[in-house]
Each structure stands twice: as C-alpha cells, then as structure tokens.
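Colleague:
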Amino acid sequence: MRMKIGHHTAWITIAGAEQLQYSIEYSPDGTLATCWIASQAGKNFSVSWQDSLRAYSTSGHVDVDGIKGNGRILDGNKLNGDGILSMNSFTTSATTHRLFMFSELELTDDDQYLQKGAPPDLGDIKLVIYRCQVLDVNPTSRRNYAEPEKIHERSKKAMGHRCKLGQEVERPFITAFNTNKVEKLATFVFKYRPLAQLQANGIVPQDKHVQDKKRKRVAPSNEVIDLSQDEPPISKRKQGNRNPVKPEPGVVKQEGGSGGGIGEVRHLGVIDLT
C-alpha cells in the first residue's frame with residue numbers, strides 16, 4: 300500500500316524498484332503521512348507521486364535530510380497522461396543536475412562534531428505538495444549544494460545511512476517557471492534506515508527479505524516542476540504493500556524555490572527518472 304492523502308499518493312523507487320512502505324501513519328488532520336522504507340547504500344533513488352484528480356496545477360517539493368532543492372509542477376491545463384511526477388535529483392543549472400543516492404553515514408570521534416549536533420531531519424525524505432499557479436518564465440540560476448558533514452559516533456542520529464547527491468552530470472536544457480503557492484495539500488515523509496536496522500526494531504519482520512523480492516519498475520511521465528517545506532506530528536496507523544502504476548507519455552516541467560518557485564519544461568515521451 301502507498302501513502303495516500305486525498306487524491307495524492309507517493310512512493311520511492313531505488314534503482315527503479317518501488318519500495319514497500321511500513322508502519323504508515325497519518326496526522327489527526329489527515330494532511331501528513333509518514334512511513335518507513337529500507338535504504339540501500341550506494342544506490343540511486345527517486346521520489347514519485349500521483350495526482351489522480353488533475354483538476355488544477357500542483358507543485359511538489361522534495362527535501363532530503365533537510366536539504367531543500369527545486370520542485371516540480373503538474374500543469375492542470377494539460378489533462379493528458381496519468382498525473383505521475385518524479386524527482387531523482389536536484390537541479391544545479393539549466394543543463395546539469397546531481398542525482399539522489401543513499402550512502403553510508405560517515406562517523407567520527409572528533410568532539411567538534413558532537414557539539415555541532417546532527418541535522419534534525421537526517422534520515423527523512425520529505426515531499427510537500429501544493430496547489431499552485433504557474434506564472435512567468437524565470438531563468439535557472441546556478442546553485443551549489445554543500446557536501447554532508449560527518450556525524451559524531453555518539454550522536455543519536457548515528458543510523459547507518461544518509462542521503463547524498465551524486466556527481467554533477469549533464470541533462471537536457473530546462474526552462475524554469477515562477478509559481479505562486481496557493482494552498483498546502485499534503486506532506487509525505489519517508490523515514491529510511493538499513494533493512495537490518497528496521498528488522499532489529501521490529502518495523503520489518505525478520506524473515507521478510509523485501510529487498511530480494513521482484514518488483515515492477517515504474518516509469519514516471521507527464522508535466523513536472525520543483526519546490527520545498529515543513530510540518531507537525533502523527534498518530535493513526537496503517538500498513539501494507541503498494542500497487543505499481545503504469546505511466547503514459549507527457550510533458551515535464553520543473554520548478555525551484557520555496558515561496559514562489561522556478562520551473563523547468565521539457566517535451567518528452569515516457570520518462571524514466573530513476
């Protein structure tokens with residue numbers, strides 16, 4: 300089962316394989332969903348979501364370990380396709396990006412890192428979806444991302460894995476757009492840990508080797524754009540597996556920023572961002 304809020308669902312793929320979501324929980328007001336997934340060091344991942352209604356334009360913002368990047372827009376004026384968007388990287392320029400990947404958490408016994416503390420969102424991948432208005436074109440400016448720092452071995456956040464960005468690589472030229480956020484619709488938080496740690500904590504059954512199971516690959520499509528955000532606690536439980544969705548050809552837009560945003564547009568067939 301995938302996390303679902305209203306007409307939006309969200310999931311993560313690692314190396315093209317959709318991951319099982321464990322211990323799904325919802326906030327009392329139903330606007331925040333959280334789950335656990337098993338991370339795999341050294342592998343790329345992507346965050347995907349679907350708007351089954353397609354009644355208006357929406358933008359999705361992805362944060363990894365608290366790092367905010369660009370966002371993506373589903374254009375409500377383009378009603379073809381299945382409403383699936385996917386983000387597998389942060390944009391660094393109009394022609395380059397850095398892919399998401401899981402890596403081993405680098406630990407140190409240097410006490411200067413103990414004083415700094417670990418990032419509060421370490422271990423979380425967050426997707427926030429807004430209803431938005433797509434405005435004018437905005438040139439994509441250069442953006443650099445700092446490399447993650449070491450974590451002290453006595454930190455409570457010494458959890459095995461973390462997210463990092465791969466080497467900068469070229470991509471097709473993108474056109475950015477400004478957007479206006481009208482209303483926050485949904486927040487999805489994927490808490491990731493190594494499979495062995497999830498099993499040790501009783502989140503995944505010891506005899507369930509989910510990473511060895513054969514899963515369908517998901518090829519995202521449609522209009523896309525980029526963004527970011529924050530939120531509250533959780534209660535209500537639910538758990539299960541999920542159903543892969545087959546996408547259709549479409550147009551992709553991307554957006555960046557937080558208040559308003561910047562978006563990109565590329566005309567493609569079926570898109571596989573994993």
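Our numbering numbers the first residue of the sequence shown as 300 and each following residue consecutively. Glycine is no exception: its CB is placed at the ideal position from the N, C-alpha and C atoms. Keep in mind the model is a prediction, meaning the values are calculated, not measured.
1) Contact between the stretch 347-365 and the stretch 304-320 is defined here as three or more beta-carbon pairs at a separation below 8 Å; is this criterion met?
2) Take Pro-419 and list the residues in its own chain whose beta-carbon comes closer than 8 Å to its own, dropping the five residues that flank it on each side.
3) For Glu-405, which residues in the same chain have their Cβ closer than 6 Å to its Cβ, ignoring the five residues on either side in sequence?
4) Indicate the three-state DSSP secondary structure (helix, strand or coil) for Gln-498 in the structure shown.
5) Using a threshold of 8 Å, state whether the C-beta atoms of Tyr-429 and Leu-484 are closer than that.
6) Cα separation between Gln-320 and Asn-343?
7) Can you say whether Gly-382 is buried or exposed, counting buried as having 16 or more other CB atoms within 10 angstroms of its CB?
8) Please report the distance separating the alpha-carbon of Glu-469 from that of Pro-327.
9) If we ignore side chains and look at the alpha-carbon of each, how far apart do Glu-446 and Gln-498 end up?
10) Looking only at its own chain, which residues have a Cβ that is under 6 Å from the Cβ of Ile-502, when we skip the five neighbours before and after it?
11) Taking the alpha carbon of Tyr-325 as the point to measure from, which residue in Leu-373, Leu-384, Phe-489 has its own alpha carbon closest?
12) Return the first residue and the last residue of the beta strand (DSSP E) that Met-400 is part of.
13) Select from Asn-387, Glu-403, Gly-375, Leu-464 the residue whose C-alpha is nearest the C-alpha of Arg-492.
14) Pull up the CB-CB distance for Cys-431 and Val-363, whole angstroms please, since I reckon it's below 8 Å.
15) Out of Gly-359, Gln-339, Tyr-355, point me to the one whose CA is closest to Val-494's CA.
Modeller: Taking the structure as given:
1) yes
2) Gly-365
3) Lys-449
4) helix
5) yes
6) 18 Å
7) buried
8) 43 Å
9) 30 Å
10) Tyr-321, Ser-322, Trp-335
11) Phe-489
12) 395-403
13) Glu-403
14) The pair is not a contact, with the Cβ atoms about 21 Å apart (cut-off 8 Å).
15) It is Leu, not Val, that sits at residue 494 in the sequence shown. Comparing Cα positions, the closest option is Gln-339.
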